[in-house]
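Down below is the structure, laid out as structure tokens.
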Amino acid sequence: MKKLLSHLLTPLFLLVFGFWLLLFHPLQYLCLKIGGRYTHDYCVAVLNFLLIHTGKILGTSYKLEGAENLIAHRPLLIVANHQSMYDVSPFFWNLRALHPKFVTKKELGKGIPSISFNLKYGGSVLIDRKDGKQAITEIHKLADYVNSQGFTAVIFPEGTRSRNGELKPFKVAGLIALMDKMPDALIVPITINNSYKMLPYGKYPLGLGVRVLHTIHPAIENKGDHKELAAKIEAIIASKLERPV
Numbered sequence: 003m004k005k006l007l008s009h010l011l012t013p014l015f016l017l018v019f020g021f022w023l024l025l026f027h028p029l030q031y032l033c034l035k036i037g038g039r040y041t042h043d044y045c046v047a048v049l050n051f052l053l054i055h056t057g058k059i060l061g062t063s064y065k066l067e068g069a070e071n072l073i074a075h076r077p078l079l080i081v082a083n084h085q086s087m088y089d090v091s092p093f094f095w096n097l098r099a100l101h102p103k104f105v106t107k108k109e110l111g112k113g114i115p116s117i118s119f120n121l122k123y124g125g126s127v128l129i130d131r132k133d134g135k136q137a138i139t140e141i142h143k144l145a146d147y148v149n150s151q152g153f154t155a156v157i158f159p160e161g162t163r164s165r166n167g168e169l170k171p172f173k174v175a176g177l178i179a180l181m182d183k184m185p186d187a188l189i190v191p192i193t194i195n196n197s198y199k200m201l202p203y204g205k206y207p208l209g210l211g212v213r214v215l216h217t218i219h220p221a222i223e224n225k226g227d228h229k230e231l232a233a234k235i236e237a238i239i240a241s242k243l244e245r246p247v
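Quick note: the sequence shown uses the numbering used here, first residue 3, plus one each step.
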């Protein structure tokens with residue numbers, strides 16, 4: 003019965019979700035060209051606010067824990083696990099005052115209204131996961147950019163999303179590259195719980211009544227051996243996985 007209801011509600015969700023993406027694609031262009039970077043970031047935040055609330059069609063809800071651990075007066079390096087293609091919207095909205103910029107795979111840089119435009123022109127970087135040299139070069143560019151602007155870098159070190167909620171081993175090269183280039187940044191681990199349940203049947207239909215929890219952990223100074231620090235961050239994120247929400 004639940005799957006049948008999901009088949010009925012998923013098309014409506016995707017229709018509204020797609021409408022917002024199509025509407026905001028030209029709006030982003032205008033905001034960037036006329037208003038500049040900060041106006042564009044605001045436009046992106048509003049888009050993601052609408053995308054989050056579109057999830058109510060499916061009964062999806064989001065809870066944020068530990069917002070007091072976000073500090074705005076220094077560059078931040080946010081490290082999170084990755085469970086779903088829908089993980090990113092809450093970051094853009096909840097962290098809007100911190101101007102989050104992402105390390106993302108190059109495949110997202112074309113063909114997706116609004117999303118591709120933002121990732122290409124909004125300060126994030128697109129990496130080729132098969133070309134380590136290119137990936138590190140782009141990650142260094144991101145670090146230089148967020149350092150100069152006082153913005154926030156976001157990376158999902160698992161590389162690909164976990165389809166069952168279990169934490170995949172971190173691929174630490176990109177994370178270490180950011181830590182190397184952001185010596186003054188605070189590192190903020192975030193644990194994402196339950197968003198994988200939005201895709202219980204693959205890509206279609208979507209899950210119903212999912213309650214997603216983002217837990218923001220206390221910030222860590224970027225000091226000491228970076229391999230050891232990466233392992234510590236991974237352990238912190240793992241410590242809050244699968245909490246009941």
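Ideal Cβ positions, reconstructed from N, Cα and C, are used throughout, including at glycine. Bear in mind that the values here come from a model prediction, so they are computed numbers and not experimental data.
Which stretch, first to last residue, makes up the beta strand (DSSP E) that contains residue i?
i: R213; result: R213 to I218
i: A155; result: T154 to I157
i: P207; result: First-last for P207: undefined, no H or E at that position.
i: L66; result: S63 to E67
i: F104; result: P102 to K107
i: I235; result: Segment H228 to S241 is the alpha helix (DSSP H) holding I235; no beta strand (DSSP E) there.
Can you tell me the Cα-Cα spacing of residue i and residue j, whole angstroms?
i: G176; j: Y44; result: 27 angstroms
i: H219; j: L110; result: 28 angstroms
i: V105; j: L79; result: 11 angstroms
i: Y31; j: H142; result: 26 angstroms
i: A137; j: I129; result: 5 angstroms
i: T41; j: L66; result: 25 angstroms
i: L144; j: E244; result: 31 angstroms
i: A179; j: L24; result: 35 angstroms
i: K122; j: R76; result: 25 angstroms
i: G134; j: V148; result: 21 angstroms
i: L231; j: H101; result: 24 angstroms
If you count every other CB in all the chains shown that lies within 10 Å of the CB of residue i, and 16 or more means buried, which is it?
i: P191; result: buried
i: P171; result: exposed
i: M200; result: buried
i: P92; result: buried
i: A237; result: exposed
i: T2; result: Not covered by the structure: residue 2. The range shown for the chain is 3 to 247.
i: Y203; result: exposed
i: P246; result: Note that P246 scores 46 on pLDDT, short of 50, meaning its location in the model is unreliable; the coordinates nonetheless yield the value given after this. Exposed, because fewer than 16 other Cβ atoms sit within 10 Å of the Cβ of P246.
i: I189; result: buried
i: I235; result: buried
i: T217; result: buried
i: T139; result: exposed
i: G209; result: buried
Taking only three categories from DSSP, how would you classify residue i?
i: A82; result: strand
i: T162; result: coil
i: L135; result: The amino acid at residue 135 is misidentified as Leu; the sequence shows Lys. In the structure shown, K135 sits in a helix (DSSP, three-state: H, G or I).
i: F119; result: helix
i: N195; result: strand
i: E244; result: coil
i: E168; result: coil
Looking at the secondary structure, which residues open and close the alpha helix (DSSP H) in which residue i lies?
i: F51; result: R39 to T56
i: L24; result: K4 to L32
i: L97; result: Premise fails: L97 is in no alpha helix (DSSP H) and is neither H nor E.
i: I129; result: Looking at the DSSP string, I129 is not in any alpha helix (DSSP H); the run it does join, the beta strand (DSSP E), is V127 to I129.
i: A179; result: V174 to K183
Kindly confirm or deny that the stretch 59-76 and the stretch 161-168 touch, where touching means at least three C-beta pairs closer than 8 angstroms. no
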